[in-house]
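Peer 1: Take 179 as the starting number for the sequence shown in this note's numbering and just add one per residue.
No residue lacks a Cβ here, since even glycine has one placed at the ideal position from N, Cα and C.
Following this message is one structure expressed as structure tokens.
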Amino acid sequence: MSPPKRVVLAITASACAVLAGCTETGTPVATETSVSTSSTSAHPDASGAPPIENPIEAGRYLADPCQLFTEQELASFGLGKQFPVTTSNGPNCAWRDAENRALYGVVFNEGNVNGLSDIYRGNKEGKLAYFEPTTVNGYPAAVADGGTDDRPDGWCNVFVGMNPGMAFNVSVAGGDPATACSNVQKIASSVVDKLKES
Numbered sequence: 179m180s181p182p183k184r185v186v187l188a189i190t191a192s193a194c195a196v197l198a199g200c201t202e203t204g205t206p207v208a209t210e211t212s213v214s215t216s217s218t219s220a221h222p223d224a225s226g227a228p229p230i231e232n233p234i235e236a237g238r239y240l241a242d243p244c245q246l247f248t249e250q251e252l253a254s255f256g257l258g259k260q261f262p263v264t265t266s267n268g269p270n271c272a273w274r275d276a277e278n279r280a281l282y283g284v285v286f287n288e289g290n291v292n293g294l295s296d297i298y299r300g301n302k303e304g305k306l307a308y309f310e311p312t313t314v315n316g317y318p319a320a321v322a323d324g325g326t327d328d329r330p331d332g333w334c335n336v337f338v339g340m341n342p343g344m345a346f347n348v349s350v351a352g353g354d355p356a357t358a359c360s361n362v363q364k365i366a367s368s369v370v371d372k373l374k375e376s
């Protein structure tokens, strides 16, 4: 049984709504595709985004985020069946929780050429429904979303700055409102571990 397309698309559209590098329809804006990981990342930019001291790359996971976790690791998150999805925002992978209620997704935002700075800039421009700076496994991050604040309904997004040119996003739709945001941050922390190992 495939997941409802509405829910999968809602996750990716929700992520895109936060990013300055996306159009309203979720199509990445054509800009430079090169990613710099030079020491200039240690300097804050005009958006107010924190520096990324130890940039990481998506590597082999960029094309297939579904390879991030083993079945045992997914089980530790309470996740089961996976649904690979290709979207205009980049390769995406989604997983149902054990109760088949919530849908979690991971996407490397290829259309987001300024990394976490785009999320911070969106906040400064008043485009976000909520924005809470945080860190994930030592990397600057933000719990944020555009449009509406659906956290009371168990929706949550966290964006993690990988390097000056990319952020990845972990989202949940239809989760337990009490744990939705903490769960996506836990999964995001494990994504950082995988990227550091690769």
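Quick one: grab the DSSP three-state call for asparagine 315.
Peer 2: Locating residue 315 in the sequence shown gives position 137, where the first residue counts as 1. Correct three-state label for asparagine 315: coil.
Peer 1: Candidates Arg274, Ser295 and Glu277: which alpha carbon is nearest methionine 340's?
Peer 2: The residue labelled residue 340 in the question sits at position 162 within the sequence shown. The shortest C-alpha separation from methionine 340 is found at Ser295.
Peer 1: Which runs of the alpha helix (DSSP H) at least 4 residues long sit entirely within the stretch 310-364? Give them in chain order.
Peer 2: Fully enclosed alpha helix (DSSP H) runs of 4 or longer: not present.
Peer 1: How long is the line joining the alpha carbons of alanine 227 and phenylalanine 337, rounded to whole angstroms?
Peer 2: Residue 227 sits at position 49 when you count from the first residue of the sequence shown. Residue 337 sits at position 159 when you count from the first residue of the sequence shown. Straight-line Cα distance between these residues: approximately 12 angstroms.
Peer 1: Please report how far the alpha carbon of leucine 281 lies from the alpha carbon of cysteine 271, in whole angstroms.
Peer 2: In the sequence shown, residue 281 corresponds to position 103, counting from 1. In the sequence shown, residue 271 corresponds to position 93, counting from 1. Each residue's alpha carbon lies about 10 angstroms from the other.
Peer 1: Buried or exposed: where does glycine 304 fall if 16 or more other Cβ atoms within 10 Å of its Cβ makes it buried?
Peer 2: Here residue 304 is taken as the residue at index 126 of the sequence shown, counted from 1. Label assigned to glycine 304: exposed.
Peer 1: For aspartate 327, tell me which candidate among Ala307, Ala366 and Asn278 has the shortest Cα-Cα distance.
Peer 2: Walking along the sequence shown from the start, residue 327 turns up at place 149. It is Ala307.
Peer 1: If lysine 374 and isoleucine 234 are in contact, beta carbons under 8 angstroms, what's the gap, nearest whole angstrom?
Peer 2: Counting from one through the sequence shown, the residue named residue 374 turns up at place 196. Counting from one through the sequence shown, the residue named residue 234 turns up at place 56. 6 angstroms between Cβ atoms; contact.
Peer 1: Taking 8 angstroms as the threshold (C-beta atoms), are valine 348 and valine 369 in contact?
Peer 2: As a working note, residue 369 is residue 191 in the sequence shown. As a working note, residue 348 is residue 170 in the sequence shown. Their beta carbons are under 8 angstroms apart, which means valine 369 touches valine 348 by this criterion.
Peer 1: Taking a contact to mean a Cβ-Cβ separation below 8 angstroms, would you say proline 311 touches isoleucine 230 in this structure?
Peer 2: Start at 1 with the first residue of the sequence shown, and residue 311 comes out as number 133. Start at 1 with the first residue of the sequence shown, and residue 230 comes out as number 52. Their beta carbons are not under 8 angstroms apart, which means proline 311 does not touch isoleucine 230 by this criterion.
Peer 1: Quick check on the DSSP output: the alpha helix (DSSP H) that includes glycine 300 runs from which residue to which?
Peer 2: For the purposes of this step, residue 300 is taken as the residue at position 122 of the sequence shown. Unbroken alpha helix (DSSP H) run through glycine 300: 294-302.
Peer 1: Nearest by alpha-carbon distance to arginine 279: which of Asp371, Asn290, Asp354 and Ser367 is it?
Peer 2: Sequence index remark: in the sequence shown, residue 279 carries index 101 (1-based). Here the closest residue by C-alpha is Asp354.
Peer 1: In whole angstroms, what is the alpha-carbon distance linking tryptophan 273 and alanine 224?
Peer 2: Within the sequence shown, the letter at position 95 stands for residue 273. Within the sequence shown, the letter at position 46 stands for residue 224. Rounded to the nearest angstrom, the two C-alpha atoms are 36 angstroms apart.
Peer 1: Would you mind giving the Cβ-Cβ distance between valine 314 and alanine 253, rounded to the nearest angstrom? I have them listed as a contact below 8 angstroms.
Peer 2: Translated into the one-based positions of the sequence shown, residue 314 becomes position 136. Translated into the one-based positions of the sequence shown, residue 253 becomes position 75. Not really, about 21 angstroms apart at Cβ, beyond 8 angstroms.
Peer 1: Per DSSP, which one or two residues make a beta bridge with glutamine 260?
Peer 2: For the purposes of this step, residue 260 is taken as the residue at position 82 of the sequence shown. DSSP output for glutamine 260 lists Trp273 as bridge partner(s).
Peer 1: Compare the beta carbon distance of tryptophan 333 and alanine 358 with 8 angstroms and say whether it is the shorter of the two.
Peer 2: Along the sequence shown, read from residue 1 onward, the residue named residue 333 stands at position 155. Along the sequence shown, read from residue 1 onward, the residue named residue 358 stands at position 180. Yes. Within cutoff.
Peer 1: Among Gly352, Gly343 and Gly237, whose alpha-carbon lies nearest the alpha-carbon of valine 429?
Peer 2: Outside the displayed range of the chain (179 to 376) lies residue 429, so it cannot be described from this structure.
Peer 1: So, does the CB of phenylalanine 346 fall closer than 8 angstroms to a CB anywhere in chain D?
Peer 2: In the structure shown, chain D does not exist; there is a single protein chain.
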